[in-house]
Structure formats: C-alpha cells, structure tokens
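Undergrad: Residue numbers (the working numbering), protein chains in the order written: chain A, 5 to 344; chain B, 5 to 344.
2 protein chains.
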Amino acid sequence: LNYSIAAKERGTITMHPITSTLRLIGIAFGLLASAGPAFAADLESWSEGPTRQAILDYVKKVTDSNDPAFIQKEARVAVFDNDGTLWSEKPLPAQLQFTIDRVHQLASQHPEWSKQQPFKAVLKGDQRYLSQITEQDALKLLSATHTGMTQAEFQKIIEDWFRQAKDSRTGRLYTHRTYQPMTELLSYLQSKGFKTYVVTGGGREFVRGFSQRAYGIPPEQIIGSSVRMKYKEREGKPTLIREAKIAPPINLNEGKPLNIEHEIGRIPVIAVGNSDVDLQMLEYSASNLQSSLKLLISHDDAVREVAYTEGTEKVLAEAKKQHWTIASMKNDFKTIYGTD
Amino acid sequence: LNYSIAAKERGTITMHPITSTLRLIGIAFGLLASAGPAFAADLESWSEGPTRQAILDYVKKVTDSNDPAFIQKEARVAVFDNDGTLWSEKPLPAQLQFTIDRVHQLASQHPEWSKQQPFKAVLKGDQRYLSQITEQDALKLLSATHTGMTQAEFQKIIEDWFRQAKDSRTGRLYTHRTYQPMTELLSYLQSKGFKTYVVTGGGREFVRGFSQRAYGIPPEQIIGSSVRMKYKEREGKPTLIREAKIAPPINLNEGKPLNIEHEIGRIPVIAVGNSDVDLQMLEYSASNLQSSLKLLISHDDAVREVAYTEGTEKVLAEAKKQHWTIASMKNDFKTIYGTD
Numbered sequence: 005l006n007y008s009i010a011a012k013e014r015g016t017i018t019m020h021p022i023t024s025t026l027r028l029i030g031i032a033f034g035l036l037a038s039a040g041p042a043f044a045a046d047l048e049s050w051s052e053g054p055t056r057q058a059i060l061d062y063v064k065k066v067t068d069s070n071d072p073a074f075i076q077k078e079a080r081v082a083v084f085d086n087d088g089t090l091w092s093e094k095p096l097p098a099q100l101q102f103t104i105d106r107v108h109q110l111a112s113q114h115p116e117w118s119k120q121q122p123f124k125a126v127l128k129g130d131q132r133y134l135s136q137i138t139e140q141d142a143l144k145l146l147s148a149t150h151t152g153m154t155q156a157e158f159q160k161i162i163e164d165w166f167r168q169a170k171d172s173r174t175g176r177l178y179t180h181r182t183y184q185p186m187t188e189l190l191s192y193l194q195s196k197g198f199k200t201y202v203v204t205g206g207g208r209e210f211v212r213g214f215s216q217r218a219y220g221i222p223p224e225q226i227i228g229s230s231v232r233m234k235y236k237e238r239e240g241k242p243t244l245i246r247e248a249k250i251a252p253p254i255n256l257n258e259g260k261p262l263n264i265e266h267e268i269g270r271i272p273v274i275a276v277g278n279s280d281v282d283l284q285m286l287e288y289s290a291s292n293l294q295s296s297l298k299l300l301i302s303h304d305d306a307v308r309e310v311a312y313t314e315g316t317e318k319v320l321a322e323a324k325k326q327h328w329t330i331a332s333m334k335n336d337f338k339t340i341y342g343t344d
Numbered sequence: 005l006n007y008s009i010a011a012k013e014r015g016t017i018t019m020h021p022i023t024s025t026l027r028l029i030g031i032a033f034g035l036l037a038s039a040g041p042a043f044a045a046d047l048e049s050w051s052e053g054p055t056r057q058a059i060l061d062y063v064k065k066v067t068d069s070n071d072p073a074f075i076q077k078e079a080r081v082a083v084f085d086n087d088g089t090l091w092s093e094k095p096l097p098a099q100l101q102f103t104i105d106r107v108h109q110l111a112s113q114h115p116e117w118s119k120q121q122p123f124k125a126v127l128k129g130d131q132r133y134l135s136q137i138t139e140q141d142a143l144k145l146l147s148a149t150h151t152g153m154t155q156a157e158f159q160k161i162i163e164d165w166f167r168q169a170k171d172s173r174t175g176r177l178y179t180h181r182t183y184q185p186m187t188e189l190l191s192y193l194q195s196k197g198f199k200t201y202v203v204t205g206g207g208r209e210f211v212r213g214f215s216q217r218a219y220g221i222p223p224e225q226i227i228g229s230s231v232r233m234k235y236k237e238r239e240g241k242p243t244l245i246r247e248a249k250i251a252p253p254i255n256l257n258e259g260k261p262l263n264i265e266h267e268i269g270r271i272p273v274i275a276v277g278n279s280d281v282d283l284q285m286l287e288y289s290a291s292n293l294q295s296s297l298k299l300l301i302s303h304d305d306a307v308r309e310v311a312y313t314e315g316t317e318k319v320l321a322e323a324k325k326q327h328w329t330i331a332s333m334k335n336d337f338k339t340i341y342g343t344d
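1. Within the 8 Å Cβ cut-off, does B:Gly129 reach chain A?
2. For B:Thr149, report the span of its alpha helix (DSSP H) as first-last.
3. Which value, in whole angstroms, describes the spacing of the CA atoms of A:Lys334 and B:Arg270?
4. Measure the CB-CB distance between A:Thr339 and A:Gln121 and report whether it falls below 8 Å.
5. Which residues in chain A sit within 9 Å of B:Arg246, going by Cβ to Cβ distance?
6. Where does the unbroken alpha helix (DSSP H) through B:Gly259 begin, and where does it stop?
7. To the nearest angstrom, how far is the alpha carbon of B:Ile301 from that of A:Gln57?
8. So if I threshold CB-CB distances at 7 Å, which residues from the stretch 135 to 163 of chain A count as touching chain B?
9. Sort B:Leu145, B:Lys318, B:Val203, B:Gly88 by Cα distance to B:Ile254 and report the nearest one.
10. Quick one: what does DSSP say B:Met186 is sitting in, helix, strand or coil?
11. Would you tell me roughly how many angstroms separate the C-alpha atoms of B:Asp282 and B:Ala82, rounded to the nearest one?
12. Strictly under 8 Å for the Cβ-Cβ distance: is A:Glu188 near chain B by that measure?
13. Taking CB distances under 8 Å as the criterion, tell me whether B:Lys325 reaches chain A.
14. Between A:Lys325 and the rest of its own chain, which residues show a CB-CB distance below 6 Å, the 5 nearest in sequence each way excluded?
15. Taking one C-beta from the stretch 239 to 254 of chain B and one from the stretch 170 to 184 of chain B each time, how about it: are there three or more such pairs within less than 8 Å?
16. What number of angstroms, rounded off, separates the C-alpha of A:Ala156 from the C-alpha of A:Leu244?
17. Excluding the 5 residues preceding and the 5 following A:Ser291 in the sequence, name in chain order all residues of the same chain whose CB lies nearer than 8 Å to its CB.
18. Should A:Arg181 go down as buried or exposed, given a rule of 16 or more other Cβ atoms within 10 Å for buried?
19. Suppose you measure from the CA of A:Ser92 to the CA of A:Ser112; what does that come to, to the nearest Å?
20. If we define contact as Cβ-Cβ less than 8 Å, is A:Tyr274 a contact residue for chain B?
21. Would you mind stating whether B:Lys260 and B:Met233 have Cβ atoms separated by less than 8 Å?
22. Relative to the C-alpha of B:Trp50, which candidate in B:Lys77, B:Tyr192, B:Tyr201 has its C-alpha closest?
23. Please report how far the alpha carbon of A:Leu190 lies from the alpha carbon of A:Gly220, in whole angstroms.
24. Following the continuous alpha helix (DSSP H) through B:Glu309, name the residue where it begins and the one where it ends.
25. Nearest by alpha-carbon distance to A:Ile104: which of A:Glu78, A:Phe74, A:Ala148, A:Val66 is it?
26. If I measure Cβ to Cβ from A:Ala321 and keep anything under 7 Å in the same chain, skipping five residues before and after, which residues do I get?
27. What does the alpha-carbon distance come out to for the pair A:Gln343 and B:Gln99?
28. With DSSP as the reference, label A:Tyr235 as helix, strand or coil.
29. Could you list which residues in chain B have their beta carbon closer than 9 Å to that of A:Ser291, in chain order?
30. Would you grab the beta carbon distance between B:Glu224 and A:Glu209 for me? Rounded to a whole angstrom, and I think it's under 8 Å.
31. Look up A:Val202 in the DSSP assignment and say whether it is helix, strand or coil.
32. What first and last residue would you give for the alpha helix (DSSP H) that runs through A:Pro54?
33. Rounded to the nearest angstrom, how far is the Cβ of A:Gly347 from that of A:Asn278, given a contact under 8 Å?
34. Is it true that the CB of B:Pro242 sits closer than 8 Å to the CB of A:Glu347?
35. Please confirm whether A:Leu256 and A:Ile274 have their CB atoms less than 8 Å apart.
36. Determine whether the Cβ of B:Gln294 lies closer than 8 Å to any Cβ atom of chain A.
Below, the structure written as structure tokens:
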C-alpha cells in the first residue's frame with residue numbers, strides 16, 4: 005500500500021484494492037486517509053543499511069518512555085533545510101527560476117530593462133554576468149520581482165507560478181520533484197509526534213506556497229528569509245505591503261539558529277541539511293542536552309540527480325569529524341522522486 | 005469537577021472523589037488529565053449573558069461542518085494579547101516589576117548607578133521621573149537588565165524571578181493572577197481545535213517563562229517583542245548572546261499583525277485584546293474572509309481589579325462602532341483570579 009503525502013502530492017495514489025473499496029464508503033476512507041503514514045512501511049524508499057537504521061534507532065529510543073534517551077513529545081522539534089535537502093536545487097533553485105520568470109513576465113512593462121543590468125542579463129540569459137552577480141544587483145532583482153505588492157497579491161503570484169512551472173532538468177513540475185525518501189521521513193517523524201519545520205534560506209512565502217501539500221507542513225512551521233512589510237489601511241481594509249528591504253537576519257548560516265530560537269524558542273533535536281549554510285543549524289541542534297540526530301544529505305548521484313560537493317565542503321568535514329549521520333543519495337535512496 | 009489549566013497552575017486542584025480514586029490508577033488518571041478541559045463546564049467562570057453566549061455561538065458555528073461559517077481546523081488561529089488581557093497589568097506590568105527588581109539586584113555591582121539616571125530613579129522609586137521616562141533611558145534599563153548574557157542564562161533568570169515575585173496589589177505570585185475566565189477561554193478554544201497564540205508587547209522569553217504552565221501555550225506559540233541575538237561559539241559550543249538592540253518591529257500596534265503574518269502566515273479568526281496597542285491586531289483579524297470573533301476586555305471592575313480606560317479609548321470606540329464583542333470584567337467575569 006503506497007500511500008504517503010509525497011504520493012498524494014504527485015497525484016499518483018496507488019491503492020490496494022481493499023482501500024479502493026473502502027473509498028466508496030466515504031467516512032471509512034476519511035479515517036484511512038488521516039491515518040495515512042501509519043499504513044506505509046516506515047521509510048520504504050530508504051535502502052536497508054546503516055543510515056536508515058540510524059534514523060529508526062534514534063526515533064525508537066527517543067519515543068520510548070522507558071528509554072533513558074526518551075524525549076517528551078513537546079520537545080520533539082525537527083528542522084529541515086529545503087533546497088538540496090527536501091528537493092533538488094540544481095540546475096537552479098526554484099525561487100531563482102521564479103525570479104527569472106517574473107523578470108520575463110514584467111519586461112513588457114519595463115522597456116528600460118533591455119538596457120539595464122541586472123535585468124538585461126536575465127532577459128538575455130547571460131550566465132556569466134549572473135554567476136558573478138553583486139549583492140546590490142541581486143537586491144534589485146528581488147525588489148522588482150518580490151516586493152511592492154500586498155502579501156495577499158504575492159501569495160497569488162506564487163500560487164499561479166507553482167501551478168505551471170517546470171524544472172528544466174527533469175521536466176517535472178517543481179512541486180513534483182521533492183525527494184520521496186525525505187517526504188517519507190517527514191511523514192514518519194510526524195507520525196511519531198515530531199513537530200517538523202522547514203528552515204530555509206529561501207523566502208518563507210515561497211515555501212509556504214506548497215509546503216502543506218508537499219511536506220504536510222503548515223505555514224506556521226516555515227521559517228525562511230523575508231522582506232520587511234508595512235501595515236497600511238487601503239479603502240478601510242488593513243493590508244500588508246511588501247517592501248524592498250531584507251528583514252534581518254537572512255535565514256542562512258547563523259541566521260538559522262537565531263530565527264529558530266526567536267520563533268520556536270526550543271533547541272531542535274533533529275536537524276537535516278545539505279550545505280555549508282546549514283552548518284550552524286546542525287551544530288546548534290548538536291548542542292541540545294537531549295539526544296539529537298544530525299543528518300546530512302550528500303549529493304553523490306550523478307545518474308539520478310546531480311553530483312556536487314561545492315558549497316558543502318565545510319559541513320561535510322564537520323559531519324565526518326563529529327560522526328553525524330550522512331545519507332548518500334546514491335546508496336541510501338532507493339528512488340529519488342518516486343518514479344525512477 | 006473543577007479541573008482546568010488555571011487550577012493546575014494555582015496548585016489548587018479540587019477533585020471529585022471519583023477522580024481522586026482514579027488517580028491511584030496511574031494510567032487512568034493520565035487519560036483524565038490529558039482530557040482535562042472536556043470535563044469542565046464550558047466557560048463556567050463567565051456569567052450567563054450576551055458576551056458568554058456570543059463566544060459559545062461563534063465557536064459552535066465555526067466548528068460545525070454543516071454550518072456555512074465552518075472553518076477548517078488548521079485555519080482556527082486565535083491570538084491573545086497578554087498584559088491586561090490574560091492577566092493584570094496594574095499597578096505595574098510584570099515585566100516592568102522584573103526590570104526594577106533586576107536593577108536592585110545588580111546595583112551592588114554598579115555603584116555608579118546611585119548617581120546615574122535612569123538607574124537612580126529606579127533605586128529611589130522616583131515615580132515622577134519614571135512616569136516620564138524617555139525612550140533612550142528605557143533602552144538603557146532594558147540593556148542593563150535584559151541583555152549581555154546568553155539566552156539560556158536569561159531564561160534561568162526569568163525562571164528564578166517567577167518562582168518568588170509577587171504582585172504588590174494582590175500579594176499573589178505573578179503566575180497566580182491570571183484571569184480565570186480567560187484561562188478557561190484558552191482551554192475551551194484549545195479543546196475545539198483552535199491554535200492559541202499569545203501576541204504580546206512584552207518580551208517573548210519573559211512570557212515563554214510561564215505560558216505553558218499558566219495558559220497551556222507552548223513557546224513556539226508566543227510572539228512578542230525581543231532583542232537581537234548574536235550566534236557565538238563559546239568553548240566549542242554554540243551560544244546565543246542577547247544584544248542591546250531591539251529586533252524590529254516592536255510587537256505593538258502595527259507590529260502585531262506584521263509579526264503574525266511573518267511567523268504564522270495566516271490571518272487569525274479570533275483576536276482578543278484590551279488596549280489601543282491591540283487595535284491593528286483586532287482590525288487585521290476582522291479582515292479575515294472567514295467569520296471572525298473580535299473580543300475586547302474592558303477593565304471596569306474597581307472592586308475586584310482596577311478600573312481604567314486610559315490607553316484604551318481608541319480601541320473601545322472602534323469596538324463599539326464595529327460591533328465587536330466587549331467583555332465587562334465587572335459583569336461578565338464571575339471571578340477574576342478564581343478565589344474571589
């Protein structure tokens with residue numbers, strides 16, 4: 005019985021005949037659906053081996069009230085990076101593709117952009133310029149594409165984009181190229197009483213646009229980077245206007261533990277990441293006095309995904325030194341997206 | 005059977021004999037305890053009348069899946085101001101008393117304070133100076149008493165303070181002068197699937213220091229004002245150092261809806277406040293397309309609490325104009341703290 009949030013998201017629910025029959029009886033299916041993860045074999049897309057076993061062993065001990073490592077339910081906080089941890093970040097992080105698409109979409113209202121950097125580079129696909137983009141130019145792109153509208157208008161723009169935007173490498177909708185082993189890990193932890201959070205360098209509204217469907221994670225459990233907003237009455241109605249200013253701290257590196265403490269007020273017991281910007285979040289979780297699990301996703305599968313270590317050197321070295329758990333996508337993931 | 009979070013907090017659990025017997029059977033009591041609020045009559049400390057009825061009617065319709073006003077469980081977000089809404093703010097807000105106590109406690113390490121404002125005024129109890137305190141001087145007090153230490157050290161300071169600090173008017177421990185009708189309202193809403201948040205102008209760490217015990221609200225559901233923190237490795241361990249800078253926006257007025265959107269990402273359906281700094285939070289909740297409940301606590305009980313309207317004029321006028329629900333402490337609260 006292959007029934008998980010990931011499968012639901014992909015619209016490829018494969019049901020055992022008995023479930024199909026039960027579906028006819030509305031309420032029975034309702035009960036089955038809400039109990040979803042409990043029916044799936046735990047972490048079935050993970051290969052048997054030390055990584056899967058380390059996760060299962062950790063969860064077993066901290067949820068067993070007779071074990072000295074037992075952790076009360078309310079303290080079971082698990083934080084996950086997003087790009088490269090829960091879904092692919094190559095060839096481009098989804099939000100960068102969204103930014104490029106927005107520039108193309110808005111270009112007709114801005115004829116001056118054809119001669120103005122960084123817009124010119126985006127419109128011409130000048131990779132060389134973009135790969136060396138300055139912070140100031142990046143902020144110009146962000147301002148032009150992510151700000152100036154109300155929060156509600158921006159949410160609608162994101163929703164519309166996710167409905168049709170496809171990743172150029174896989175040809176799949178962005179929301180359909182989450183890692184199946186990771187969405188299974190999320191469901192599994194949720195079923196064991198963990199409160200799962202996404203702690204992303206990306207924008208929080210962007211990730212909130214699909215996190216409930218794809219990860220079973222509600223908006224209030226998304227911590228990300230963001231811009232400042234301004235409260236304004238508009239025709240007697242309060243609206244929040246997105247301004248062209250980053251709200252500090254950016255949710256990368258030290259920003260991750262700082263925002264976790266600010267918003268959650270607890271040190272996580274599980275932290276999962278894949279790159280150097282996740283290092284402080286992993287170290288912060290390791291400082292928990294309770295038993296903690298630090299999991300690093302290693303992009304070593306050149307055939308089914310993309311193999312790269314750039315930007316992950318420091319965290320990989322620290323993971324090895326501290327004996328954190330490392331998941332090899334090549335060896336530990338039976339499938340990447342659920343169809344291979 | 006008088007069993008609620010408020011009663012637990014006060015350490016005055018009065019149990020029906022059958023419950024006492026069940027307590028001997030550990031697990032059975034465990035079951036009873038976790039189902040606590042369901043055994044208490046709903047809002048029993050609220051007088052019969054239009055206010056109590058408005059709350060019950062609202063909750064009934066939005067939790068009834070056959071009602072057109074039905075609200076899905078995940079969207080049932082209820083936000084509560086703290087000072088003057090969930091507990092007394094007169095004669096002094098608890099955190100101001102905490103600040104004064106800290107100045108006295110630290111004075112021996114700062115002999116210069118006896119000659120330096122604003123410390124001199126605090127040490128001498130100079131109410132006139134303090135009532136006209138400048139923003140700059142207030143920040144000096146905040147810095148000296150709330151910053152410079154690690155977040156963990158500050159949490160310990162708060163915990164120690166709450167263990168012994170008493171409100172001068174009632175002589176009660178601060179954590180024992182929460183409003184019983186309001187803690188009942190919190191329990192009631194929680195039992196109906198609402199996610200309850202405190203959205204306070206006070207410091208988030210300060211309120212997190214007692215919110216689980218007093219309100220049944222975990223740290224991740226406390227939104228408050230705060231200072232910036234710095235991430236620093238100390239003897240190889242990551243620590244968060246509290247800095248002498250306010251993290252914008254301060255959680256008052258427009259700051260409340262801004263922080264709600266930033267951290268929760270949903271517009272609340274219930275908002276409860278008592279003063280002008282809650283006005284925008286109430287208006288923001290009123291802008292929800294779903295049916296919403298705006299509740300204003302009116303301090304009109306000179307006998308059992310303190311009667312005052314200063315600082316509440318604007319919100320009171322708006323509440324009357326928009327027909328929001330107004331709870332009179334004098335008429336709608338059968339008891340204030342649970343013992344009168």
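Where is the CB? At the ideal position from N, CA and C, for every residue including glycine.
TA: So, to answer that:
1. no
2. 139 to 150
3. 39 Å
4. no
5. Those within 9 Å of B:Arg246 in chain A number zero; the least Cβ separation is about 10 Å.
6. 259 to 267
7. 54 Å
8. Gln155
9. B:Val203
10. helix
11. 14 Å
12. no
13. no
14. none
15. no
16. 8 Å
17. Ile271
18. buried
19. 31 Å
20. It should be noted that the sequence gives Ile, not Tyr, for residue 274 of chain A. No, A:Ile274 lies away from the interface with chain B (no Cβ there is under 8 Å from its Cβ).
21. no
22. B:Tyr192
23. 8 Å
24. From DSSP, B:Glu309 is part of no alpha helix (DSSP H); its letter is neither H nor E.
25. A:Ala148
26. none
27. Here residue 343 of chain A is Thr; the residue named in the question, Gln, does not match the sequence. Going from the Cα of A:Thr343 to the Cα of B:Gln99 covers about 56 Å.
28. strand
29. Lys241, Pro242, Thr243
30. The pair is not a contact, with the Cβ atoms about 19 Å apart (cut-off 8 Å).
31. strand
32. 54 to 66
33. Coverage of chain A is limited to positions 5 through 344, which leaves residue 347 of chain A absent and any answer about it impossible.
34. With chain A covering 5 to 344 only, the question about residue 347 of chain A has no answer from this structure.
35. no
36. no
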